[in-house]
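In mature numbering (1 follows the signal peptide of the UniProt record, and there is no 0), the protein residues as written are -25 to -1, 1 to 494.
C-beta: ideal position from N, C-alpha, C; glycine also.
None of the values given here were measured: they were computed from a predicted structure.
Here the structure is laid out as structure tokens; the discussion comes afterwards.
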Amino acid sequence: MSSRILQWLSLVGIIWLQSINGTNSNFPAYSSQLKQLLSISQVQLNNLAFASDAGKLFGCFAGIAAIYLPLWLVLIIGSTLGLTGYGVQYLFLTNQISSLSYGHIFLLTVIAGNSICWINTVCYVIAIRNFPSNRQIVVGLTTSYVGLSAKIYTDIVDAKFSSSPTERAKAYLLLNSILPVIICVIASPLARVVDVKSSRNMGVGFITMFVITIATGVYAVFSSLEFMSSKLSSMSNAIGIFVFLLAPLVIPVVEKIMEVVRKLNIKTEMKVYDFTIEDNEGAERMESGVKEREEASEEVHEVGAKEEIGVKVMLTRLDFWLYFFVYFFGATLGLVFLNNLGQIAESRGYSGTSTLVSLSSSFGFFGRLMPSLMDYFFSRTKHMISRPATIIALMAPTAGAFFLLTNSADLSLHISSAIIGVCSGAITSIAVSTTTELFGTKNFSVNHNVVVANIPIGSFLFGYLAACLYHKEGNGHGKCMGMDCYKYTFIIWGSLCIFGTLLAIVLYARTRKFYRQTV
């Protein structure tokens, strides 16, 4: 099998892995039920959301493992951690385990959250090594499928499990524990590093992949809307998304068919024609000229790195700390909002939490995809995309969305959730490319895990703030109802997001010279 086919198969494998790797993103869909089942306060619930993100603090171990261990083993370790973390919680809620303290639940959630880092790291490493000239495009494209995770899990729960809120909470934990293991076993033969001979002439494949991905996102968004979901059965929704996840296989299958046809044509020509040595030389020169012209037309201008440094040197750079806090007040703040979406919807008296989670997940998918589309088209020009400038353009509407949430209309909740999903998803995707461009690819697996360590820190601080204000507005009771529960939280979050935008402007000014250079 040619290296080109193996490249496309590895891309399909990464897509499947990423599509089920957002196990923490479906937390809002069952957080209210988990709070009741465990009889815990809002602050304790927030601490569990933080625990899931706290697993990323230990993401550097996944980066180190990816350097020294086979990638298939890294996948198995990651999925086993998730099986342990979520699986034991499921057994406890179904009374298979007699007693677990809150401390045990917290630790298990940290382990489950850490499992995401292992699978993510494998996906990033394979994308960067197998598509060296298109790494930003591939990383952005595959990362976009993480945005579909909550949608996929919700569709399966809707199709196969009871409508009882308590049973649905247990179903999410069951799926979170076993689905990543199943997909890792299926995808590990595909998701491996390939000896790449050439990354040229892949334009048609990428365009096809973008068409499939956009169609997947459109389906996800429309099937999440209330007026559409009422017309489609839950099983139809689940089957539809499953078919779209299989669709990328079309590219390696077509590539294999074309390879077989080319071989048959060569054999036929060898039988029919009796070339002289001179004819062969002339034909080879002609074929070489055609290939050169094709390669020139498909030339991809690769974005370089500002500097190639390790984590110790990176921590001494001002650019790193600016970038760290831009992410902190941008994508991380959006993630905390999404983690609290279940409680926010409940406090406003909105009952369609699963629909809201699916909607924000689907828009997050498009947000993660947008940078990849931009990379694809700009990579064929001599201009580089300024990542900080793009982040500025995404931070401003995020701040606006937080202030819009102070409006009590359900439409404001839908619009804000969609905007925050799109923008935080896009920043998350852009961050992968930003890390490689500012600090290099050699130590990427460790460097990027240090960057995303801001997520658990922000998850705790911003989430704890929200939980305290929620508790205060609820007059010390376990549940708070009304707009005041999160009103001041949204104002504070919006103000912090504006501050993050100002930091992004400073980062843009410092890196403008680098991004203005031509390739």
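Taking C-alpha atoms, which residue in ILE127, LYS447, THR188, VAL113 lies nearest to SER(-16)? Along the sequence shown, read from residue 1 onward, the residue named residue -16 stands at position 10. Looking at the Cα atoms, VAL113 is the closest of the given residues.
What does a CB cutoff of less than 6 Å around ARG268 pick up in its chain, not counting 5 residues either side in sequence? Taking the sequence shown and counting its residues from 1, the one referred to as residue 268 is at position 293. Low confidence applies here, because ARG268 scores a pLDDT of 45, under 50, leaving its location unreliable and the question unanswered by this model.
Evaluate LEU316 with the Cβ neighbour count: other Cβ atoms within 10 Å of its Cβ, from every protein chain shown; 16 or more gives buried, anything less gives exposed. Counting from one through the sequence shown, the residue named residue 316 turns up at place 341. Buried, since its Cβ has 16 or more Cβ neighbours within 10 Å.
Work out the CA separation of TRP296 and ALA479 for me, nearest whole Å. Taking the first residue of the sequence shown as position 1, residue 479 is located at position 504. Taking the first residue of the sequence shown as position 1, residue 296 is located at position 321. One C-alpha to the other measures close to 11 Å.
Quick check: the segment 319 to 338 against the segment 52 to 60, are there 3 or more CB pairs under 8 Å? no
Rounded to the nearest angstrom, what separates HIS389 and MET210 at their Cα positions? If you number the sequence shown from 1, residue 389 lands on position 414. If you number the sequence shown from 1, residue 210 lands on position 235. Near 24 Å, if we compare the C-alpha coordinates of MET210 and HIS389.
Can you tell me the Cα-Cα spacing of LYS238 and VAL100, whole angstroms? Stepping through the sequence shown from its first residue, residue 238 is reached at position 263. Stepping through the sequence shown from its first residue, residue 100 is reached at position 125. Roughly 32 Å separates the two Cα atoms.
Measuring alpha carbon to alpha carbon, tell me which residue in THR118, GLU234, LYS10, GLU142 is nearest ARG(-22). Stepping through the sequence shown from its first residue, residue -22 is reached at position 4. The option with the nearest alpha carbon to ARG(-22) is GLU234.
Would you check if the distance between the CB atom of SER124 and the CB atom of SER(-1) is smaller than 8 Å? As a first step, residue 124 is located in the sequence shown; it is residue number 149 there, counting from the start. As a first step, residue -1 is located in the sequence shown; it is residue number 25 there, counting from the start. The answer is yes: Cβ separation under 8 Å.
Within-8 Å CB hit, GLY305 to chain B: Considering every chain present, this structure includes no chain B. It has just one protein chain.
Figure out for me which residue from VAL168, ALA87, ALA306 has the closest Cα to the Cα of LEU44. Position 69 of the sequence shown, counted from the first residue, corresponds to residue 44. Residue VAL168 is the option with its Cα nearest to LEU44.
From what residue to what residue does the alpha helix (DSSP H) around SER152 run? The residue labelled residue 152 in the question sits at position 177 within the sequence shown. SER152 -> alpha helix (DSSP H) spans 140 to 162.
Taking the continuous alpha helix (DSSP H) assigned at residue 531, which residues delimit it? With the chain covering -25 to 494 only, the question about residue 531 has no answer from this structure.
Sorted by chain position, which residues of the same chain lie with C-beta nearer than 6 Å to TYR461's C-beta, five sequence neighbours on each side aside? Walking along the sequence shown from the start, residue 461 turns up at place 486. If we look at TYR461 and ignore the five residues flanking it on each side, its Cβ neighbours are ILE319.
Endpoints, the alpha helix (DSSP H) within which CYS35 is located: As a first step, residue 35 must be located in the sequence shown, where it is residue number 60. It spans 34 to 43 - the alpha helix (DSSP H) in which CYS35 sits, taken as one unbroken run.
First and last residue of the uninterrupted alpha helix (DSSP H) at GLU412: What you label residue 412 is simply residue 437 of the sequence shown in a count that begins at 1. Unbroken alpha helix (DSSP H) run through GLU412: 385 to 414.
Assuming the contact rule is C-beta atoms closer than 8 Å, CYS398 and PRO372 should be a hit. Round their C-beta distance to whole Å, please. Here the question's residue 398 lines up with position 423 in the sequence shown. Here the question's residue 372 lines up with position 397 in the sequence shown. The pair is a contact, with the Cβ atoms about 6 Å apart (cut-off 8 Å).
Evaluate contact between the segment 457 to 476 and the segment 280 to 290, counting only Cβ atoms and requiring at least three cross-stretch pairs below 8 Å. no
Work out the CA separation of ILE241 and residue 520 for me, nearest whole Å. Missing from the structure shown is residue 520; the chain here goes from -25 to 494 and no further.
If contact is defined by three or more beta carbon pairs under 8 Å, each pair taking one atom from either stretch, is the segment 211 to 230 in contact with the segment 183 to 190? yes
Keeping to the same chain, check which residues put their C-beta closer than 7 Å to that of ILE(-6); ignore five residues upstream and five downstream. Against the sequence shown, residue -6 aligns to sequence position 20. Hits under 7 Å: SER124, ILE127, LEU154, PRO155, ILE158.
Excluding the 5 residues flanking GLY309 on each side, which residues of the same chain have their C-beta closer than 7 Å to its C-beta? Walking along the sequence shown from the start, residue 309 turns up at place 334. Only THR373, ILE395, CYS398, SER399 meet the Cβ criterion.
Which of the three DSSP states is assigned to SER14 in this structure? Residue numbering aside, residue 14 sits at position 39 when the sequence shown is read from its first letter. Note: SER14 maps to coil in three-state DSSP.
Which stretch, first to last residue, makes up the alpha helix (DSSP H) that contains VAL295? If you number the sequence shown from 1, residue 295 lands on position 320. The amino acid at residue 295 is misidentified as Val; the sequence shows Phe. Unbroken alpha helix (DSSP H) run through PHE295: 293 to 303.
Considering only their Cβ atoms, is the gap separating MET456 from GLY324 smaller than 8 Å? Start at 1 with the first residue of the sequence shown, and residue 324 comes out as number 349. Start at 1 with the first residue of the sequence shown, and residue 456 comes out as number 481. For GLY324 and MET456, yes; Cβs fall inside 8 Å.
Here's a check: name, in chain order, each residue in its chain whose Cβ is nearer than 7 Å to the Cβ of TYR147, leaving out the five neighbours to either side. Here residue 147 refers to the residue found at position 172 of the sequence shown. Cβ contact annotation for TYR147 (same chain, cutoff 7 Å, sequence separation greater than five): ASN1, ALA4, TYR5, TYR128, VAL132, in chain order.
ALA428 - DSSP class collapsed to helix/strand/coil: Locating residue 428 in the sequence shown gives position 453, counting from the first residue. It is coil, neither helix nor strand.
For ILE252, is the classification buried or exposed, using 16 other Cβ atoms within 10 angstroms of its Cβ as the cut-off for buried? Here residue 252 refers to the residue found at position 277 when the sequence shown is read from its first residue. Interpretation of ILE252 is limited by its pLDDT of 46, a score under 50 that renders its predicted location unreliable; the figure taken from the coordinates is listed afterwards. ILE252 should be labelled exposed.
Does the separation of the CB atoms of VAL97 and ALA41 fall below 8 Å? Taking the first residue of the sequence shown as position 1, residue 97 is located at position 122. Taking the first residue of the sequence shown as position 1, residue 41 is located at position 66. Cβ atoms of VAL97 and ALA41: closer than 8 Å.
Taking buried to mean at least 16 other C-beta atoms within 10 Å of its own C-beta, is SER138 buried or exposed? Position 163 of the sequence shown holds residue 138. Burial call: exposed.
Taking the C-alpha atoms as reference points, what is the distance between GLU273 and VAL228? Working through the sequence shown from its first residue, we reach residue 273 at position 298. Working through the sequence shown from its first residue, we reach residue 228 at position 253. The pLDDT assigned to GLU273 is 44, lower than 50, so where the model puts this residue is not dependable; a value taken from the coordinates is nonetheless given after this. When rounded, the distance between both Cα atoms is 22 Å.
Close beta carbons around PHE338, own chain, < 6 Å, minus the five adjacent residues each side: Here residue 338 refers to the residue found at position 363 of the sequence shown. Excluding residues within five positions, the ones whose Cβ falls inside 6 Å are ALA393, GLY396, VAL397.
Reducing DSSP to helix, strand and coil, say where MET261 ends up. Along the sequence shown, read from residue 1 onward, the residue named residue 261 stands at position 286. Caution is warranted here: a pLDDT of 43 is assigned to MET261, below 50, making its placement in the model unreliable, and the coordinate value is therefore given only provisionally. It is helical.
Integer Cβ distance of GLN(-19) from VAL171, believed to fall under 8 Å: Reading the sequence shown from its first residue, position 7 is the one you call residue -19. Reading the sequence shown from its first residue, position 196 is the one you call residue 171. 6 Å between Cβ atoms; contact.
Can you give me the Cβ contacts of LEU9 inside the same chain, cut-off strictly under 6 Å, excluding the 5 residues immediately before and after it? Residue 9 sits at position 34 when you count from the first residue of the sequence shown. Same-chain partners within the cutoff: ALA144.
DSSP on ASP133, reduced to helix/strand/coil? As a first step, residue 133 must be located in the sequence shown, where it is residue number 158. Of the three classes helix, strand and coil, the one that applies to ASP133 here is helix, per DSSP.
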